[in-house]
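Read through the structure below, which is laid out as structure tokens, and then see the notes.
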Amino acid sequence: MLRLFLSATETSADQLGANLLAQLQERTPLEVVGVGGERLRVAGLKPVAWAEELSLMGLVEVLGDLPRLWRVFRRVKREALAFQPDVAVLIDGPDFHLPLSRHLARAGIPVVLYVSPQLWAWRPWRVRHIRQRVRKVLCILPFEVAFYQEHGVDACFVGHPLVDELAPVAASLPVEREHAIALLPGSRRHEVRALLPIMVAALQRLQQEDPSILGKIIVAPGLSAAELGGIAGGLGFSGQLVRGDEYQQIASCGAAWVASGTATLVCALLDVPMVVTYRVHPITYALAKRLVKIPYVGLVNLVAGELVAPELLQDSLTVDRLAQVGGQLLAQEGERQRRKLAVVRQRLGPGGASQRAAEEILRVVGR
Numbered sequence: 000m001l002r003l004f005l006s007a008t009e010t011s012a013d014q015l016g017a018n019l020l021a022q023l024q025e026r027t028p029l030e031v032v033g034v035g036g037e038r039l040r041v042a043g044l045k046p047v048a049w050a051e052e053l054s055l056m057g058l059v060e061v062l063g064d065l066p067r068l069w070r071v072f073r074r075v076k077r078e079a080l081a082f083q084p085d086v087a088v089l090i091d092g093p094d095f096h097l098p099l100s101r102h103l104a105r106a107g108i109p110v111v112l113y114v115s116p117q118l119w120a121w122r123p124w125r126v127r128h129i130r131q132r133v134r135k136v137l138c139i140l141p142f143e144v145a146f147y148q149e150h151g152v153d154a155c156f157v158g159h160p161l162v163d164e165l166a167p168v169a170a171s172l173p174v175e176r177e178h179a180i181a182l183l184p185g186s187r188r189h190e191v192r193a194l195l196p197i198m199v200a201a202l203q204r205l206q207q208e209d210p211s212i213l214g215k216i217i218v219a220p221g222l223s224a225a226e227l228g229g230i231a232g233g234l235g236f237s238g239q240l241v242r243g244d245e246y247q248q249i250a251s252c253g254a255a256w257v258a259s260g261t262a263t264l265v266c267a268l269l270d271v272p273m274v275v276t277y278r279v280h281p282i283t284y285a286l287a288k289r290l291v292k293i294p295y296v297g298l299v300n301l302v303a304g305e306l307v308a309p310e311l312l313q314d315s316l317t318v319d320r321l322a323q324v325g326g327q328l329l330a331q332e333g334e335r336q337r338r339k340l341a342v343v344r345q346r347l348g349p350g351g352a353s354q355r356a357a358e359e360i361l362r363v364v365g366r
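Shown next as structure tokens:
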């Protein structure tokens with residue numbers, strides 16, 4: 000029986016982990032222990048910590064919670080070493096997983112990274128840690144493999160798991176979209192607090208000009224619908240709060256306002272024109288501007304290699320600007336963006352990412 004330590008510390012990683020685990024379970028008997036969220040628990044993970052305990056982003060935001068995060072880290076490290084797995088698969092979350100990989104590698108446990116840390120964006124010197132500690136990197140973005148090959152790290156492109164996950168919805172997209180905007184304020188509470196008030200106010204601004212525009216707040220897995228509904232109600236939101244069938248609901252909309260991250264690729268795969276938004280603590284943003292060396296923030300734009308979706312970040316994210324760009328997407332600008340989204344879908348590759356990832360992991364352990 001394969002003994003697997005699997006760790007996914009964020010909502011998007013939890014889904015990737017659940018899909019991967021299903022593929023591994025088809026190929027070999029296994030016992031799996033680790034960190035995960037709701038989907039991995041259902042898939043059979045025995046948790047030593049919950050993903051919700053670690054779902055933070057931003058330098059300043061994390062600093063305020065460091066003592067608790069350190070306690071969780073020590074617990075996870077202790078349980079992982081005691082379990083003595085045949086292989087450890089660490090999904091995304093590099094600020095947690097790269098330090099953990101050092102302890103695992105020292106104990107002789109083969110480490111596989113599934114989803115590359117964004118070394119090509121910032122702190123590229125971390126690649127030497129990966130070269131020392133990691134047996135293989137499974138990349139889900141096509142441009143990442145060349146970076147690792149240049150630095151002597153074994154890496155391969157397995158494809159993006161979202162292609163498979165969204166295939167049933169993408170195969171039957173509506174010909175006519177609703178006159179609606181999907182609001183995707185993120186999967187972390189601090190993202191929702193920063194973005195949702197601006198999104199709701201911008202929607203209300205548009206509705207003053209055109210009352211037929213509908214708003215749909217998409218509740219990310221791991222967030223409480225009741226809590227988010229309370230926040231939305233306090234903002235005067237009168238549209239739909241969507242929990243369940245999220246992809247179908249996004250696909251039904253004519254446009255989306257989306258927190259920067261994996262959700263931008265969801266919109267691209269569902270052919271929904273979008274505005275990429277984000278706002279963090281001012282100190283976090285000032286530090287990031289110095290450290291991050293990429294032309295765009297949104298994954299959809301990085302995959303495209305050009306500014307396909309407008310990015311409203313930090314001070315440029317205002318109610319007036321978001322309403323203006325959102326209104327344009329519901330008109331001709333949305334059709335222009337859709338033509339470029341087709342290039343993004345092509346570059347994300349064919350389906351089968353989870354299967355290829357499972358096969359690569361089994362090769363690492365000689366199965």
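At position 226 of the sequence shown (counting the first as 1) the number is 225 in numbering that gives the first Met the number 0, and the numbers step up by one without a gap.
Even for Gly, the Cβ is constructed at its ideal location relative to N, Cα and C.
Quick test of your reading: residue i and residue j, contact by CB under 8 Å. State the CB separation rounded to the nearest angstrom.
i       : j       : result
Ala-193 : Ile-90  : So it is not a contact: roughly 25 Å between Cβ atoms.
Val-75  : Tyr-113 : About 17 Å separates the two Cβ atoms, so there is no contact after all.
Thr-261 : Ser-11  : 4 Å
Ala-267 : Glu-190 : Contact flag wrong, Cβ pair sits at about 19 Å.
Ala-181 : Val-274 : That pair is no contact at about 11 Å.
Lys-215 : Gly-233 : Incorrect: roughly 18 Å between the Cβ atoms, too far for contact.
Arg-130 : Ser-100 : Not quite, the Cβ-Cβ distance comes to about 11 Å (not below 8 Å), so this is no contact.
Ile-217 : Leu-183 : 5 Å
Pro-116 : Pro-93  : 4 Å
Ala-50  : Glu-9   : 6 Å
Leu-213 : Ala-179 : 4 Å
Around the Cβ of residue i, are there at least 16 other Cβ atoms within 10 angstroms (buried) or fewer (exposed)?
i       : result
Leu-55  : Confidence at Leu-55 is low in this model, with a pLDDT of 49, below 50, so the placement of that residue should be treated as unreliable; the coordinate-derived value is given next. When all chains shown are included, Leu-55 counts as buried.
Met-372 : The structure shown has nothing for residue 372, since the chain only spans 0 to 366.
Glu-143 : buried
Val-86  : buried
Asp-13  : buried
Pro-309 : buried
Leu-65  : exposed
Thr-317 : exposed
Ala-231 : buried
Gln-248 : buried
Ala-356 : buried
Trp-69  : exposed
Ile-108 : buried
Gly-57  : Any answer about Gly-57 is weak, because its pLDDT of 44 lies below 50 and its placement is not dependable; what the coordinates show is given next. Buried, since its Cβ has 16 or more Cβ neighbours within 10 Å.
Phe-4   : buried
Ser-171 : exposed
Pro-281 : exposed
Ser-211 : exposed
Ile-293 : exposed
Gln-336 : buried
Ser-186 : buried
Glu-175 : exposed
Pro-367 : Lying before the first or after the last residue shown, residue 367 is absent from the chain, which here runs from 0 to 366.
Pro-84  : buried
Pro-98  : exposed
Val-41  : exposed
Gly-158 : buried
Pro-160 : buried
Glu-245 : buried
Arg-362 : exposed
Ala-48  : buried
Arg-38  : buried
Kindly identify the DSSP beta-bridge partner or partners of residue i.
i       : result
Pro-46  : Gly-33
Gly-214 : Ile-180
Leu-446 : One cannot answer for residue 446 here, as it falls past the ends of the chain, which runs 0 to 366.
Met-273 : Ala-255
Phe-4   : Val-32, Ala-87
Ala-285 : According to DSSP, which records beta bridges pairwise, Ala-285 is partnered with nothing at all.
Leu-312 : Tyr-277
Ala-166 : Paired residues: none, contrary to the question.
Ala-262 : Ala-262 is not bridged to any residue.
Ala-154 : Val-136
Since residue i is in the alpha helix (DSSP H), which residue starts that stretch and which ends it?
i       : result
Met-198 : 188-208
Arg-320 : 318-328
Ser-353 : 352-363
His-159 : Per DSSP, His-159 belongs to no alpha helix (DSSP H) and is neither H nor E.
Phe-142 : Segment: none, Phe-142 is in no alpha helix (DSSP H) and carries neither H nor E.
Leu-306 : No alpha helix (DSSP H) holds Leu-306; DSSP gives it neither H nor E.
Val-296 : Per DSSP, Val-296 belongs to no alpha helix (DSSP H) and is neither H nor E.
Gln-331 : 331-346
Gly-229 : 224-233
Thr-10  : 10-26
Ala-250 : 245-250
May I ask you to check if the CB of residue i is nearer than 6 Å to at least one heavy atom of the ligand NAD?
i     : result
Leu-1 : In terms of ligand content, the structure shown is empty, and the ligand NAD therefore cannot be addressed.
With residue i as the anchor, note down where its beta strand (DSSP E) starts and where it stops.
i       : result
Gln-239 : 239-241
Trp-69  : Where Trp-69 is concerned, there is no enclosing beta strand (DSSP E), although the alpha helix (DSSP H) it sits in stretches over 65-82.
Inset, instruction - State whether the stretch 148-157 contacts the stretch 220-237, with contact taken as three or more CB pairs (one from each stretch) at a distance under 8 Å. - result: No, they do not touch.
Legend entry - Stretch-stretch touch, CB-based, cutoff 8 Å, three pairs: the stretch 204-217 with the stretch 14-24: In short, these stretches do not touch, since the Cβ pair count stays below three.
Legend entry - Cβ contact (3+ pairs, closer than 8 Å) linking the stretch 343-361 and the stretch 224-242: Segment contact: the stretch 343-361 against the stretch 224-242, fewer than three CB-CB distances shorter than 8 Å; contact not assigned.
Inset, instruction - State whether the stretch 346-365 contacts the stretch 122-130, with contact taken as three or more CB pairs (one from each stretch) at a distance under 8 Å. - result: No: the two stretches stay apart, fewer than three of their Cβ pairs being nearer than 8 Å.
Inset, instruction - Mind the definition here: the stretch 130-140 touches the stretch 103-112 only if three or more C-beta pairs lie below 8 Å; say whether that holds. - result: A contact is defined here as three or more CB-CB pairs under 8 Å, and the stretch 130-140 meets this definition with respect to the stretch 103-112.
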